[in-house]
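Inspection log for the structure reproduced underneath, given as structure tokens.
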Amino acid sequence: MPKEQILLNAGDPDVEAPQYAINEALLGIIEGGMNTHYPHYSGYPEKFKDAVVDYYKRFTGVEYEPEHVIPAAGSSAALYVALATVLKEGDEVLMFTPYYMGHKSIFDGMGVKMNTVPLLKEKNYHPDPGVIAEYVTPKTKAILLCNPANPTGTVFNEEECKVLGDLAVDHDMVILADEIYLHFVYDDNKFVSIAGLSDEYKERTLGIMSFSKTFSMTGWRLGYDIVPDKYLEKANQIRGMTAPRPATFVFRAGISCLRGDFKYVDERRAEYEKRRNYFVKAVDQLGWPCHMFEGAFYAWFDVRRTGMGSGEFLEKLNESQNVRLSPGSRFGADGFIRVPLVKPVPVLKEVVKRLKDFEASL
Ligand SMILES: Cc1ncc(COP(=O)(O)O)c(C=O)c1O
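First residue of the sequence shown: 6, per the numbering used here; consecutive thereafter.
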């Protein structure tokens with residue numbers, strides 16, 4: 006009998022949103038009226054912005070005014086608004102590789118060239134601070150910092166953030182801070198929001214945030230930008246043109262999340278940590294060096310010793326074991342494989358078993 010398919014090629018959590026968020030959305034739909042009409046009749050966008058300001062201060066220490074918050078239908082929409090606000094065709098952006106392919110696809114679409122600083126396995130996927138400046142050219146208008154990073158899980162420390170922040174100040178670059186995984190950080194690693202390190206950084210940082218991972222709300226499409234004064238008018242203009250706004254009752258659910266006790270999020274973090282501790286070690290023992298990641302929830306392992314590219318490796322794995330994972334080539338790192346740990350340990354054990362069988366068949 007063919008093996009049942011295991012799909013682990015997207016970072017889509019395996020649980021539902023917190024019950025209080027579901028209740029709020031349902032109540033909103035049932036009550037109707039201002040919950041189900043254009044959001045500006047409801048006051049929810051304003052209440053949402055207030056909740057974001059309080060949340061941000063609580064978890065990052067950085068203070069904003071409600072007008073700096075631009076809600077969007079998921080952080081992919083928020084990313085587009087932020088990137089289109091500060092970059093145009095022909096510009097360059099400094100970022101790290103391996104990178105999240107969603108960033109690349111927006112840059113490709115805009116005609117923005119990526120100058121990618123390598124994060125190396127040998128350095129535990131942290132940058133060599135001394136070389137970063139070499140990737141800045143007169144056309145480099147922004148630094149994209151995905152912290153914690155997808156796919157490597159790198160949690161950039163304060164010193165690294167300062168190197169990037171100073172570089173941005175010295176070369177008058179904008180900082181694009183995608184911090185959607187900030188709640189998923191393990192061991193002694195500590196999340197630092199770059200905007201909180203100095204006012205000079207803050208006034209040039211656009212933050213990008215999402216409910217998708219933190220509250221397992223990938224299909225709800227709720228995210229936002231945090232935009233400093235200098236870029237606010239342009240960002241609002243771009244948002245107005247593309248109109249990727251959340252549904253009114255989804256705002257209501259979002260507020261309940263941001264104002265909640267975060268027990269749900271703590272439990273998710275503990276669960277991802279448990280999965281990480283099991284899966285990373287188990288894959289590593291197969292002889293495919295697997296990175297004990299610091300943040301987010303992606304396992305990342307090295308299959309270069311097989312002599313196969315990641316596409317070929319995964320094609321063969323899928324053919325023989327019916328497991329779908331993501332090729333590192335999509336993240337700018339051929340020879341590596343990404344596994345989002347969005348299934349419980351028993352399923353991950355089955356994945357390891359199939360990887361082992363596959364390894365034995367090579
Ligand atoms: C780093 C990063 N940013 C943004 C997104 C987009 O998330 P969403 O549009 O669901 O908010 C993802 C999704 O995987 C991601 O990993």
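Glycine included, each C-beta is placed from N, C-alpha and C at the ideal position. Please read these numbers as outputs of a predicted model, since none were measured by experiment.
Return helix, strand or coil for S90, following the three-state DSSP convention. Here the sequence assigns Thr to residue 90, which means Ser is not the residue at that position. The answer is helix: DSSP assigns T90 an H, G or I state.
Does ligand 1 have even one heavy atom less than 8 Å from the beta-carbon of L84? yes
For a minimum of 4 consecutive residues, which ranges assigned as the alpha helix (DSSP H) are wholly contained in the stretch 239–310? 253–263 and 268–290
Let me check you understand the geometry: is the CB of I213 closer than 8 Å to at least one non-hydrogen atom of ligand 1? yes
Tell me which same chain residues have a C-beta within less than 7 Å of the C-beta of V325, skipping the five on either side of it? Strictly speaking, residue 325 in this sequence is Ser, with Val absent from that position. If we look at S325 and ignore the five residues flanking it on each side, its Cβ neighbours are F363 and S366.
Host alpha helix (DSSP H) of G95 (start-end): Careful: G95 lies outside any alpha helix (DSSP H) and carries neither H nor E.
Are V86 and P249 closer than 9 Å when you measure CB to CB? yes
Is the beta carbon of V347 sitting closer than 9 Å to the one on G114? no
Inter-residue Cα distance where the pair is T223 and A22: 9 Å
So the candidates are L32, T210, T157 and D204; which of them puts its Cα closest to the Cα of I180? T210
Quick one, which of E276, M313, L319 and M297 has its alpha-carbon nearest E127's? M297
With respect to 8 Å, is the separation between the Cβ of D230 and the closest non-hydrogen atom of ligand 1 below this value? no
What I want to know is whether the C-beta of F254 ends up closer than 8 Å to one or more non-hydrogen atoms of ligand 3. You won't find ligand 3 in this model; what it holds is ligand 1.
Is the distance from the Cβ of P103 to the Cβ of F336 below 9 Å? yes
Same chain, Cβ closer than 7 Å to Y229, neighbours up to 5 away in sequence not counted: V57, V74, I75, P76, A77, A83 and M214
Contiguous alpha helix (DSSP H) assignments of at least 4 residues, all confined to the stretch 34–74: 49–65
Alpha carbon to alpha carbon, what distance is there between F341 and E299? 18 Å
First through last residue of the beta strand (DSSP E) which encompasses N120: K118 to P123
If I measure Cβ to Cβ from F161 and keep anything under 6 Å in the same chain, skipping five residues before and after, which residues do I get? N152
Which stretch, first to last residue, makes up the beta strand (DSSP E) that contains F318? Here F318 belongs to no beta strand (DSSP E); instead the alpha helix (DSSP H) covers S315 to Q326.
If V288 sits next to L360, beta carbons under 8 Å apart, how far is it from one beta carbon to the other, in whole angstroms? 7 Å
Nearer than 8 Å: is that true of the beta carbon of I199 relative to any heavy atom of ligand 1? no
Less than 9 Å separating the beta-carbons of P134 and E164? yes
Quick one: Cα of L124 to Cα of P50, how far? 38 Å
Can you name the start and end residues of the alpha helix (DSSP H) that L172 belongs to? E163 to D175
When the distance is taken between beta carbons, is Q10 closer than 9 Å to V328? yes
From the DSSP output, which residues share a beta bridge with V190? G300
Who are D362's beta bridge partners in DSSP? D362 pairs with nothing; no bridge assigned.
How about T41 and G33: are their beta carbons less than 9 Å apart? yes
For S334, which of F216, L319, S315 and K321 has the nearest alpha-carbon? S315
With H, G and I counted as helix, E and B as strand and the rest as coil, what does DSSP make of V356? helix
Look at A147 and M178 and say whether their C-beta atoms are less than 9 Å apart. yes
Look up P156 in the DSSP assignment and say whether it is helix, strand or coil. coil
N155 beta carbon near ligand 1 (any heavy atom closer than 8 Å): yes
To the nearest angstrom, how far is the alpha carbon of D339 from that of P332? 7 Å
Going straight from the alpha carbon of K239 to that of R309, what length do you get? 45 Å
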